[in-house]
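Taking it in order: structure first as structure tokens, then the write-up.
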Amino acid sequence: MDLNKDGRTVVIVTHDPEIAKFADRIILVKDGTIQYN
Numbered sequence: 003m004d005l006n007k008d009g010r011t012v013v014i015v016t017h018d019p020e021i022a023k024f025a026d027r028i029i030l031v032k033d034g035t036i037q038y039n
């Protein structure tokens, strides 16, 4: 199943870098400010 091709978005919020490895895009937020996009 390719959710991106279906026009779907899944947002996962995690503190675990092992889970983040599965993401196509990572946005790092520190102290309420976007540090990396």
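If you count by my numbering, then the sequence shown holds residues 3 to 39, one letter each, in order.
Just so it is clear, CB atoms sit at the ideal spot from N, CA and C, and this is done for glycine as well.
Check                                                                                          : Outcome
Between which two residues does the alpha helix (DSSP H) harbouring I36 extend?                : That residue, I36, is in no alpha helix (DSSP H); its beta strand (DSSP E) goes T35 to Y38.
In terms of alpha-carbon separation, which member of D26, K7, P19 and E20 lies closest to V13? : D26
When you compare only the Cα positions, how much space is there between V31 and T11?           : 19 Å
I need the straight-line Cα distance from H17 to I36, nearest angstrom please.                 : 15 Å
So A22 is in the alpha helix (DSSP H); what residue range does that whole segment cover?       : P19 to A22
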